[in-house]
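A.B. asks: Here full-length UniProt numbering is used: position 22 in the sequence shown is 22, and no number is missing along the way. I'd like to ask you about the structure that follows.
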Amino acid sequence: MRTHRDTGTLEPKPHGGGNPAVLTPQALERLRELIRQQPDAARPECRQRLGVSCGLMTISCTLGRLGLPRKKKLPRAQEEDRPDVQERRREFCEELAGVDPRRLVFVDECGTNTAMTQTYGRVPMGPRVYTNTPGQ
C-alpha cells in the first residue's frame with residue numbers, strides 16, 4: 001500500500017546494482033591467457049600473477065564461468081617428445097610384433113615417484129589436461 005501511495009504503482013523498484021566486479025574484462029582475458037600458458041597454475045598463483053586482491057573462491061568461480069573447469073591431469077613422460085625416443089619406441093613395437101605373447105614377463109615399477117607435480121589443471125570443456133612429468 002505504501003509503495004502505491006508513494007510511487008503511484010505496485011511495480012518493484014529496480015535492482016540496486018550490488019558490488020562492482022573485482023576482475024575487469026582485461027583481467028579476465030589475462031586469466032584466460034595465463035591458464036592457456038600454464039594449465040596447472042594454482043588459484044593463489046593466478047591471483048598473484050593477476051595482481052588483484054580477491055578471494056580464492058572469486059578465482060574459482062571466475063574460472064568456472066570462463067569454461068575452464070578443474071580436471072585431473074594425465075601424466076606422461078617428458079622424454080616421449082624427443083625424436084630419438086620416438087624412434088626407439090617405433091623400433092621396439094616392430095620388434096615386439098614378432099615375439100610370442102606367452103613369453104612376455106611384466107615388471108611393476110612401484111618405486112616411481114610422480115608426486116612432484118601438480119595433479120590437477122584447467123582446460124576448456126572437452127579436452128584432457130596432459131602434463132609432462134619428470135622421471136616417468
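Glycine included, every Cβ here is placed at the ideal spot set by N, Cα and C.
Among all the DSSP beta bridges, which residues are the ones paired with N132?
C.D. replies: The partner list for N132 (beta bridge, DSSP) reads R76.
A.B. asks: Determine the direct distance from the alpha carbon of L50 to that of E29, and round the result to whole angstroms.
C.D. replies: Approximately 10 Å, taken between the alpha carbons.
A.B. asks: If L34 sits next to R47, beta carbons under 8 Å apart, how far is it from one beta carbon to the other, in whole angstroms?
C.D. replies: Between R47 and L34 the Cβ distance is about 10 Å, and since that is not below 8 Å, they are no contact.
A.B. asks: Using the Cα positions of Q136 and L74, report the straight-line distance between them to the nearest angstrom.
C.D. replies: Residue placement at Q136 is poorly supported in this model, since its pLDDT is 48, which falls under 50; the coordinates still yield a value, given next. C-alpha separation (whole angstroms): 12 Å.
A.B. asks: Alpha carbon to alpha carbon, how far is V22 from R82? Give it in angstroms, no decimals.
C.D. replies: 43 Å
A.B. asks: Select from R103, P101, L63 the residue whose C-alpha is nearest the C-alpha of R122.
C.D. replies: L63
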